[in-house]
Structure formats: structure tokens, C-alpha cells
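J.: There's a structure below that I have some questions on.
Residue numbers (my numbering): 2 to 330.
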């Protein structure tokens with residue numbers, strides 16, 4: 002009993018010298034709550050979350066804009082009447098409108114007037130065009146019922162029979178390309194998001210190992226005197242959970258703030274060419290509730306992933322200590 006008591010006193014003195022904790026002092030956490038490595042890890046997580054949030058927002062914007070484009074295109078078709086020798090353009094346009102009005106599934110027609118046609122050609126031919134002297138095709142915009150569209154093949158056959166110079170464009174090729182582009186953007190966004198999450202996991206693993214290396218003696222003493230592995234892993238898990246949540250929250254809020262600024266800038270500069278191009282590609286630059294929910298889920302996922310990764314890393318390190326210690330003894 003005397004030898005056992007002396008060994009316990011020696012072990013307690015070693016722990017006190019190593020940790021700086023005495024029996025009358027409040028125990029300090031195994032992992033220091035604030036240090037340079039922790040702040041660096043929080044910064045890295047914030048940057049990765051910011052990039053991942055931008056990816057989620059961009060995918061949402063592209064998907065919503067593509068759906069809007071597809072919806073707009075599916076509600077309209079165009080008929081192009083080519084100028085030709087002996088063709089009365091006014092009569093041909095009236096014939097196209099008459100045939101369209103008699104076709105089920107078509108809700109309205111409108112001819113693109115000379116002023117609108119001139120605006121379309123202005124970037125290439127300039128202003129002051131006389132369309133009567135130029136062989137410019139004329140367009141008829143036809144609105145269709147999206148729920149009950151017309152028979153495009155039959156409608157095109159009637160047009161070709163009545164007006165041989167008329168050509169129907171139902172925009173199916175554009176819709177197919179648009180859907181393909183949207184799917185490619187979504188897949189690319191998911192790939193980038195996966196890479197960011199993998200990089201986050203690897204960063205947490207190295208940070209956890211570094212924290213364990215800096216506190217290796219304390220961990221080994223606690224482990225050998227009977228502290229459960231779950232307790233030690235829980236200390237690391239709580240520490241890295243706080244780092245992950247704070248870092249992810251900072252990165253996610255920064256990304257949402259950037260989207261809000263871009264939306265505000267687009268709305269306040271609608272008359273400028275830059276804002277018009279951005280609006281044409283991304284709409285009003287509003288990610289909607291889907292984007293906000295996605296960013297919130299991403300913040301929670303990165304925080305939980307950080308804590309889970311640190312716990313698994315600590316448990317494996319403690320298992321490795323258990324495997325090495327018998328051999329060393």
C-alpha cells in the first residue's frame with residue numbers, strides 16, 4: 002500500500018507540473034480555448050464556407066434563371082417571314098396571323114413593327130434604317146397556351162402551304178441547350194462544393210493532430226490514469242465545434258451580404274449596360290429562400306463536420322497510443 006500511495010503521489014505531482022493544475026485550482030480545458038492555431042483554423046473554415054456559399058448561391062441563381070428562361074420560351078413561338086420577289090409582306094403577315102388565330106392552343110399574335118425591328122438591327126446597321134429598301138425578315142410573335150400547346154407540326158405545314166417564305170421557330174433547340182447548360186452548371190457547382198468540404202475535412206484533421214501533438218503529454222497522462230477516450234474526444238469535439246460554427250457562420254454571412262449588395266447594385270443601376278447584362282444572366286440577383294436555406298444548411302453541415310472529424314481523429318490517435326504503449330513497455 003505504501004508503494005502504491007507513493008506512486009500515486011508521484012503521478013499527481015507529474016500531472017500538476019505538466020498541466021500547471023493543482024487540486025485547489027479550477028481544471029483548465031485540455032485544448033486551449035484561444036490560440037494562434039485555433040484562430041487560423043477558424044479563418045480557413047470561414048474562407049471555405051464563403052466559397053462554398055458563393056457556389057450554392059451561384060447554382061441557385063443559374064437554376065432559377067434557367068427555369069425562368071425556359072418558362073418564358075415555352076409560352077412563345079415566332080414565325081419568320083423572309084422577303085422574296087413577288088411577296089407582299091403585309092399580306093403575308095396578315096395570313097400568318099389569321100392561320101395562328103384559327104389554330105387551337107394559340108392565345109394571341111403580334112407583329113414586330115418597324116421600330117422594334119430597327120432597334121434589333123441597330124447594333125449592326127446603325128440608326129435611320131429604311132426597312133422597305135432592305136431585305137429584312139419580319140417576325141410574328143405568337144403566344145401559346147403552355148398547358149395545352151398547339152400541334153406545331155400541323156401548324157408549320159399550314160404556314161408553309163399558305164406562305165412558303167414563312168418559317169416556324171418553336172425554340173425547342175434553345176430550350177434543350179438551356180436545360181443542358183443549367184444541368185452542367187449544377188453538376189460543376191456540386192463538384193466545387195464537394196472539393197471545398199473535402200478540403201475542410203483535411204484541414205480539420207491536420208489541425209486536430211497538431212492540437213494533440215501540442216498537448217500530447219497531458220492526453221497520455223489522462224489516458225493512462227483512466228480518463229475515458231470519449232471524454233478526451235469530447236473535449237476536442239466541443240472545441241472544434243465552436244471553431245467550425247463561428248468560422249462557418251462568418252463565411253456564410255459574408256456571402257449572403259455580398260449577394261445582397263449585388264442585388265442592391267443591380268436594382269439601383271438598371272439603366273446601365275453592365276446591370277442589364279447581369280440582369281439578363283442572373284435576373285435580379287436574388288437567391289431566394291432556397292439559396293438562404295442552402296447557406297444555413299451549409300453552415301450547420303460544416304460545423305458538424307468539423308466536430309465529427311476532430312472526434313474521429315482523436316479516437317484514432319488514442320487507439321494508436323493503446324497499440325504502441327504495450328510494445329514500449
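Ideal placement from N, C-alpha and C gives every residue a C-beta, glycine not left out.
All values reported here derive from a predicted model rather than from experimental measurement.
Give the straight-line distance between the Cα atoms of residue 219 and residue 295, rounded to the nearest whole angstrom.
T.: Approximately 40 angstroms, taken between the alpha carbons.
J.: Do three or more CB pairs link the region 49 to 67 to the region 144 to 161 at distances below 8 angstroms?
T.: No: the two stretches stay apart, fewer than three of their Cβ pairs being nearer than 8 angstroms.
J.: Below 8 angstroms on the Cβ atoms is my guess for residue 241 versus residue 307; work out the distance and round it to an integer in Å.
T.: Their Cβ separation, rounded to whole angstroms, is 5 angstroms, which keeps residue 241 and residue 307 in contact under 8 angstroms.
J.: Within a Cβ cutoff of 7 angstroms, which residues of the same chain sit near residue 60, ignoring the five residues on either side of it in sequence?
T.: Contacts found: 186, 187, 190.
J.: State the Cα-Cα distance for the pair residue 302 and residue 81, rounded to the nearest angstrom.
T.: So the alpha carbons of these two residues sit roughly 52 angstroms apart.
J.: Could you work out which residue in 174, 178, 110 is closest to residue 146 when comparing CA atoms only?
T.: The shortest C-alpha separation from residue 146 is found at 110.
J.: With which residues is residue 144 paired in a DSSP beta bridge?
T.: 77, 109, per the DSSP bridge assignment.
J.: Under the three-state reduction of DSSP, which class applies to residue 82: helix, strand or coil?
T.: Residue 82: strand per DSSP, three-state reduction.
J.: Go through its chain and collect everything with a Cβ distance to residue 233's Cβ below 8 angstroms, but skip five positions before and after it.
T.: Taken in chain order, the residues that qualify are 31, 220, 223, 224, 315, 319.
J.: Would you list the one or two residues that DSSP bridges to residue 170?
T.: 79, per the DSSP bridge assignment.
J.: What residues in its chain sit with their C-beta under 7 angstroms from that of residue 311, if we drop five residues either side in the sequence?
T.: Cβ neighbours of residue 311 beyond the five flanking positions: 205, 209, 237, 238, 241.
J.: DSSP state of residue 139, grouped into three classes?
T.: Looking at residue 139 - three-state DSSP - the assignment turns out to be strand.
J.: I'd like the list of long-range same chain contacts for residue 100, defined as Cβ closer than 7 angstroms, with 5 residues on each side in sequence excluded.
T.: Taken in chain order, the residues that qualify are 159, 160, 163.
J.: Comparing C-alpha positions only, which one of 173, 321, 119, 201 sits nearest to residue 41?
T.: Taking only the C-alpha atoms, the option nearest residue 41 is 201.
J.: Straight-line CA distance for residue 268 to residue 116?
T.: Distance between the alpha carbons of residue 268 and residue 116: 27 angstroms.
J.: Does the distance from the CB of residue 246 to the CB of residue 304 come in under 8 angstroms?
T.: Yes, the pair counts as a contact, with Cβ atoms nearer than the cut-off.
J.: Heavy atom of the ligand GDP less than 7 angstroms from the Cβ of residue 106, yes or no?
T.: For the structure depicted, the ligand GDP is absent and the ligand set is empty, with no information on it obtainable.
J.: Name the two residues that bound the continuous alpha helix (DSSP H) containing residue 96.
T.: That run of the alpha helix (DSSP H) goes 90 to 102.
J.: Assuming contact is defined by CB atoms lying nearer than 8 angstroms, are residue 48 and residue 249 in contact in what I supplied?
T.: No, the pair does not count as a contact, with Cβ atoms beyond the cut-off.
J.: Please classify residue 139 as buried or exposed, where buried requires at least 16 neighbouring CB atoms within 10 angstroms.
T.: With 16 or more other Cβ atoms within 10 Å, it is buried.
J.: In three-state DSSP terms, what is residue 229?
T.: If DSSP states are grouped into helix, strand and coil, residue 229 belongs with coil.
J.: Taking the C-alpha atoms as reference points, what is the distance between residue 79 and residue 94?
T.: Straight-line Cα distance between these residues: approximately 12 angstroms.
J.: Starting from the C-beta of residue 76, find all residues in its chain whose C-beta is less than 8 angstroms away, skip the five residues before and the five after it, and write them out in chain order.
T.: Hits under 8 angstroms: 144, 145, 147.
J.: Report yes if the C-beta distance between residue 149 and residue 102 is below 8 angstroms; otherwise report no.
T.: Not a contact, by the Cβ cut-off of 8 angstroms.
J.: I need the boundaries of the alpha helix (DSSP H) containing residue 155, first residue and last residue.
T.: Unbroken alpha helix (DSSP H) run through residue 155: 153 to 163.
J.: Once the 5 residues before and after residue 317 are set aside, which same chain residues still bring their CB inside 8 angstroms of it?
T.: Within the same chain, residue 317 has no close Cβ partners at all.
J.: Buried or exposed for residue 260, please, with buried defined as at least 16 other CB atoms from any protein chain shown within 10 angstroms of its CB.
T.: Result: buried.
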